[in-house]
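Below is one structure, written out as structure tokens; comments come after it.
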Amino acid sequence: MYSSLVRLQNVFGLFTTVAFVVAALIAASDFITPRAPTVGTLKTTNVQVVNGRPHYYSSKKEEYAIIKFSLDADLSSLFTWNTKQVFVYVTAEWPSSLSSSSSSATKGGLNTTAENQAVIWDSIITAPSSDHLANIGPAAMKKLRKSAAGKSIDPSRGKLTLKNQRPKYQITYPSGKIAETDNVVLRLHYNVQPWVGILTWNQDRDFGSWKQLQGGLSKAFTLPATKKKATAAGGAKS
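For the sequence shown, the numbering used here begins at 61 and goes up steadily by one.
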């Protein structure tokens, strides 16, 4: 006869096996759910380069860029019943002077090898099932829960419409000089964090029912000289 301890071990072993199989099936379900994120608009609305202290703890003055932008994106297909939250961020990217002068790594007149990358804005979009994790005030939380009542998937969560958005972070460079930098582009990134499964990032190519992010890159522009504002189009090149 089995002792009580052996029976308890068998029950626990069966439970962990079943839990692992269920978790694996949940994680695998993400791969059969279509993803087709798109970006309708991603463009600069105002670009400035200022000579000063970008942070209160900065020890010296240096050049830093302030990039305002507009964004219209539909990431609703990233939200499924297994989505916990989606981390979205916008980067400014530009090649080094050596790469920008090389024609071997260009595509459509734009250098595709961004050796410099800086985040200028980010946001966490929670799914209705994880609203309790959102770092927002009581009033905003009440409104959020009311909009998500009775919904396991809320497509409106993944729709972003930003007009003349101020950046959260300024761009600096180790040399302290960043004015008149060429071939700068804005790029949208996302990271899907599921309840069960692996973290997935924005894709460079199609993978089954998961499609590559469409339109997530802005036109190239040049950072202006110090204390000079760019045009409304952000100094975009034709």
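Note that the Cβ used here is the ideal one computed from N, Cα and C, for glycine as well. Predicted model, so just to flag it, every value in this text is computed and none were measured.
Thinking C-beta only, is E153 closer than 8 Å to V374?
-> In the structure displayed, the chain extends from 61 to 298; residue 374 sits before or after that span and is not available.
Given a threshold of 16 other Cβ atoms within 10 Å of its Cβ, counted over all protein chains shown, does P97 qualify as buried or as exposed?
-> To locate residue 97, count along the sequence shown from 1; it is residue 37. Burial call: buried.
Whole angstroms is fine: what's the gap from L68's alpha carbon to V78's?
-> For the purposes of this step, residue 68 is taken as the residue at position 8 of the sequence shown. For the purposes of this step, residue 78 is taken as the residue at position 18 of the sequence shown. So the alpha carbons of these two residues sit roughly 15 Å apart.
Entirely within the segment 227-256 and at least 3 residues each: give me those beta strand (DSSP E) ranges in chain order.
-> 245-254
Terminal residues of the continuous beta strand (DSSP E) containing L74?
-> Taking the first residue of the sequence shown as 1, we reach residue 74 at position 14. From DSSP, L74 is part of no beta strand (DSSP E) but of the alpha helix (DSSP H) over 64-89.
List the whole-angstrom C-beta distance separating T140 from T186, where the pair is believed to meet the contact cut-off of C-beta under 8 Å.
-> The residue given as residue 140 occupies position 80 in the sequence shown. The residue given as residue 186 occupies position 126 in the sequence shown. Their Cβ separation, rounded to whole angstroms, is 14 Å, which puts T140 and T186 out of contact at 8 Å.
According to the neighbour-count rule (16 or more other Cβ atoms, all chains shown, within 10 Å of its Cβ), is R217 buried or exposed?
-> Translated into the one-based positions of the sequence shown, residue 217 becomes position 157. With 16 or more other Cβ atoms within 10 Å, it is buried.
Check whether the Cβ atoms of F147 and I86 sit closer than 8 Å, and answer yes or no.
-> As a first step, residue 147 must be located in the sequence shown, where it is residue number 87. As a first step, residue 86 must be located in the sequence shown, where it is residue number 26. No; because the gap between Cβ atoms is not below 8 Å, this pair is not in contact.
Cβ shell of G100 (< 8 Å), same chain only, five flanking positions each side left out | As a position in the sequence shown, residue 100 is number 40, starting the count at 1. So the qualifying residues of the chain are D132, A133, D134, G275.
Alpha-carbon to alpha-carbon, L138 and F267 = Start at 1 with the first residue of the sequence shown, and residue 267 comes out as number 207. Start at 1 with the first residue of the sequence shown, and residue 138 comes out as number 78. In a straight line, the C-alpha of F267 is about 14 Å away from that of L138.
Pick from K128, L193, Q263: whose alpha carbon is nearest that of V303?
-> Summary: the structure shown does not reach residue 303, with the chain confined to residues 61 through 298, and so no result is reported for it.
What is the DSSP secondary structure of D182, reduced to helix, strand or coil?
-> Sequence index remark: in the sequence shown, residue 182 carries index 122 (1-based). Here D182 sits in strand by DSSP.
For the beta strand (DSSP E) holding K128, just list the boundary residues, first then last.
-> Position 68 of the sequence shown, counted from the first residue, corresponds to residue 128. Looking at the DSSP string, the run of the beta strand (DSSP E) that includes K128 is 122-134.
Backbone CA spacing between K121 and N262 [nearest angstrom] | Along the sequence shown, one-based indexing puts residue 121 at 61. Along the sequence shown, one-based indexing puts residue 262 at 202. Taking the straight line joining both Cα atoms gives about 36 Å.
Could you spell out the range, first to last residue, of the beta strand (DSSP E) harbouring K152?
-> As a first step, residue 152 must be located in the sequence shown, where it is residue number 92. The sequence shown places Ala at residue 152, rather than the Lys named in the question. From DSSP, the beta strand (DSSP E) with A152 extends over 143-154.
Identify the continuous beta strand (DSSP E) that holds N262 and give its terminal residues.
-> If you number the sequence shown from 1, residue 262 lands on position 202. Here N262 belongs to no beta strand (DSSP E), and DSSP marks it neither H nor E.
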